[in-house]
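In our numbering, the protein residues as written are 1000 to 2201.
Have a look at this one:
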């Protein structure tokens, strides 16, 4: 983050110097991208874009392509022309005359419907383009029965009028319906109606010659398929299999799109039908007519977009008004009203650019994309709020270049992280198996990315340009700077800015002393600190105090846990059912049509087509019996099956016909089957043929249909689909069978894939679950990474970004780590959590709420768009706003000092203890270390200085920190304020790089010492409940008992924490010490290694009366020890040295101390000692790196001494 801030600072200054190119380039890009807008086209074909790409239904649909009639069935636009066809008991049709249009002669008579060869079409889309089906739904206005002579005559009259009297024009020629229906011309509507008129006279009875059964009605020994024509049935009380009434009749009209100007003809025909049916409904006393077609379906879906687009302008105006109000300052000249307008203009330009690019490359628009402009504009306005807030808090006395640099330093990182996170989150959707999800994510991610680019170019350039105009006004610069310090923003009026003379102070309410920080150059956080008004100060303080009450912590944590349990339970109750009327506006007339057709299809006539390819050897009796068993199982599926009455299968006709002959199997032979099939005049629409290598034409495959019923919703459809596929899979050794119904592709399979695609299609509960899952994920990551230490909170950019990527309205939270980072005090660790959260609430509390309100304002107009797909969006956003603010302002502050964090920390520390113990005990007590390496002395809980050491060793050198060998001489805890972070950081590095990090034990890694000097107190104060701090302290001391005691570098430099003693005769004496050692003072040699000190003018050893353990040793003992151990140098720590290091005994011993400004946080007699790092090169040359103590004058400086 530091490097990114530096880049933004330099980039901001450059933009401020040269703003014109950054203003013109986005404008020109937007202008030229408008060329792509002319390639705008819409794809609202839900049967394609909502269908899973890898869904099995797509493969099943593909398998039926070779059968034109079966593949032609497309949801309510039914194209299976068995409707109204006369057939015998098993589906054999009566020959009828079918007219066909030819370009040269017009109407020509042919016998039988010509079958279209499979090879003519490569995919379903080509087949789909063959025709346009128009369905006319007929109902009584009073909802009564249509099965009477009066209603039937009127329907028949309407059918004949449409077929014979409507004149259709393509702009050049005029036609009647008989001229445009092509191979699909038939009298099916009239045949069905004629049969119904005959059945009316039966008065709900059946006879040996006529019976109105469903879905196949019987006339003499023939059958008429009624499954596509009548619905909402009523059955006779005398015979429950006989239909004596129906409330729905469907007329089918089909237009051959292969005709010249076929689409224009279709549109003209449909337009005339709409007018005719509207007038007929108006004039009829008892009947009403409704038209259903593909074009009308798409038009109604487009109404969602057309209804929403005007509200996009309302959204822009409302956001401008909101920003104008929130950015009003007094005196008025300091207001940022023009900036507010450009804050909305920038995302609008991004939308135009993204649409121009995407439409230019050929991507279609869909009604699901209606919400994208609202989303992008609200995200763009949020970014603008961050940028403008950073500008207001920059130093008004600085020049424009510096201010823009500061602005981008503090807002650029947040905008970058949140925008890129948003883009990456949406790009995940590119892996979705739903085309509509991919389309939505492409549009959204591209628009957000372009908006991000425009924010850091166009908008920043305009802020720089506007700011320069203000400060360059004659005589205004000084006045502007002075008034900026005194001005009060209307919505920022909760705070007043601090005086510049107090800019080095951080005010904390109810803290006995004032905390002083060392401010860097133009630190944003210090400029954002306000001396709040007394009233608001009291309110904030009360809120902070309430959040720290044990009862509040318990309630919030309990509510959070309950919330997790509830949503986990609701996840098991997610309802993926779907209603087709959700595709249209709430007031659309298509809702009633879709509702009626959905009810009819699911409950009465769910016609599934089956395809068999390749053709099996039906000459084998075993194969035929297996096939009969398959059909029997399929047509008798429990709850849904209708038995053989619902099956149309030519095989049964054929079997009945050849059963009269003695040698039945001979007729089933492949070379005889087709000729016998044609001899018995069975309708060829059910089969496909091909020629063998010997030139003989044979049947290559066939299809049949089975009608199911009794389904209440699409969950039942899914159950039927699964049962049917299960049955088919049992026979896949014998037959390659595919089954398909369009409603299984959409919405059944698309809804079933909702869990993996994050598509909430049915209920508000699912929306809540999705939001909760995001919050839970972000909370867990947040607790794992962050802690109470301010310095470590810079890593919380990542979890904050996760929140932002999922919920744009709380993206301002990403500024929180920057603020906490910049509250950088040597003494900051002493500020308790109450003061910490008070500062946080003052700094980012209102921006979080402001961001939520701006998002709410942005989506508020969408409430007026009465469409399901739009309602899902704005309901979800409202949930995100509410839950996001609760998450940011209540939930996160609670566990930050509470039990959940403790549990998570315990999980990590348990892992650290277990793995670190194993690792330390696997190492010898005397470590062997090779060169080059660095040796670091006492750290004493100064976590920030440990990071400074890592930064210095890793920055600007040939080898990074992890490529260096480290030897730490002990004393990691006590006296400093961050012992926990220090030891955990070192242990983590040790586990990651066990050969590179070598940790020795110091005298403070003993329970009797760190109990007195701060480590135990730190743990107990930070984990005060349930004796957690004491338990953690014991665990650490058990780990300390396993640490090695010494290290030898290249067999020449001995590293220890304390010193030598008379017990040390050879290096093996150290190696023989067994660990763990709970109390080193009980082992004389271990005690000496950890506690002894050198003393000038001393010969030999004497007891260390000052420390109470170990020895004082003189120069003679050092010389003797080096000669006895055959070493050149002894490196030790244990004592504070003002210069960081000090030699003893003619440079045969050196003391290294690495905790600068030692004891500053606890004692008044603080030391300005330096930090020393000893370097050992490959040739055993020794040098030192010295870090100066951090003061305003020495911040960032270090000295290197060779």
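From the three backbone atoms N, C-alpha and C, an ideal C-beta is built for every residue, glycine too.
- Secondary structure note for residue 1366: it is in no alpha helix (DSSP H), with a DSSP letter that is neither H nor E.
- Under the three-state reduction of DSSP output, residue 1706 falls in the strand class.
- Contact check for residue 1426 against residue 1410 fails: the beta carbons are separated by 8 Å or more.
- Listed in chain order, the alpha helix (DSSP H) runs fully inside the region 1566-1633 are 1589-1602, counting runs of at least 4 residues.
- Looking at the DSSP output, residue 2078 bridges to nothing.
- For the set 1040, 1054, 1039, the Cα lying nearest the Cα of residue 1046 is the one of 1054.
- Scanning its chain for C-beta atoms nearer than 7 Å, with the 5 sequence neighbours on each side dropped, one finds around residue 1719 the residues 1636, 1639, 1707, 1710, in chain order.
- Pairwise C-beta distances place the region 1139-1146 in contact with the region 1233-1244, as three or more of them are shorter than 8 Å.
- Note on geometry: alpha-carbon atoms of residue 2170 and residue 1974 lie some 16 Å from one another.
- Taking a 10 Å sphere around the C-beta of residue 1281, we find fewer than 16 other C-beta atoms and assign the residue as exposed.
- The Cβ atoms of residue 1454 and residue 1383 lie closer than 8 Å to each other.
- For the set 1278, 1946, 1136, the Cα lying nearest the Cα of residue 1188 is the one of 1136.
- The straight-line gap separating the alpha-carbon atoms of residue 2136 and residue 2151 is approximately 7 Å.
- Within the region 1648-1672, not a single complete beta strand (DSSP E) segment reaches 3 residues in length.
- Measuring C-alpha to C-alpha distances from residue 1856 to each of 1971, 1380, 2139 identifies 1380 as the nearest.
- The beta carbon of residue 1687 sits closer than 6 Å to those of 1065, 1117, 1699, 1700, all from its chain and outside the five residues before and after it, given in chain order.
- Secondary structure of residue 2170 (DSSP, three-state): strand.
- Nearest to residue 1029 by alpha-carbon distance, out of 1283, 1450, 1256, 1048, is 1450.
- Note that the region 1004-1024 touches the region 1456-1468; at least 3 beta-carbon pairs, one per stretch, sit closer than 8 Å.
- Beta-bridge annotation (DSSP): residue 2050 is not paired with any residue.
- Ranking 1950, 1177, 1713 by CA distance to the CA of residue 1161 puts 1177 first.
- Across the set 1909, 1548, 2023, 2008, the C-alpha of 1909 shows the shortest separation from the C-alpha of residue 1987.
- Under the 10 Å beta carbon count, residue 1879 is surrounded by 16 or more other beta carbons and is classified as buried.
- Shown here for residue 1442: same chain residues with a beta carbon closer than 6 Å to its own, the five before and five after excluded, namely 1368, 1371 in chain order.
- Comparing alpha-carbon positions, the option among 1276, 1924, 1887 lying closest to residue 1851 turns out to be 1887.
- For residue 1748, no alpha helix (DSSP H) segment is defined, and its DSSP state is neither H nor E.
- The C-beta distance from residue 1645 to residue 1705 rounds to 6 Å, short enough to fall under 8 Å.
- Here residue 1008 is near residue 1408, since their CB atoms are less than 8 Å apart.
- Taking all protein chains in view, the Cβ of residue 2015 is crowded by 16 or more other Cβ atoms within 10 Å, so the residue is classified as buried.
- Between residue 1386 and residue 1415 the beta-carbon gap is near 12 Å, outside 8 Å, which marks them as no contact.
- Under DSSP, residue 1998 forms a beta bridge with 1967.
- Contact annotation, residue 1951 with residue 2184: C-beta distance approximately 6 Å; criterion of less than 8 Å satisfied.
- When the beta-carbon positions are compared, residue 2099 and residue 2116 come within less than 8 Å of each other.
- The beta carbons of residue 1643 and residue 1634 sit closer together than 8 Å.
- By the Cβ-count criterion, residue 2067 is exposed, with fewer than 16 other Cβ atoms from all chains shown falling within 10 Å of its own Cβ.
- Taking a 10 Å sphere around the C-beta of residue 2122, we find fewer than 16 other C-beta atoms and assign the residue as exposed.
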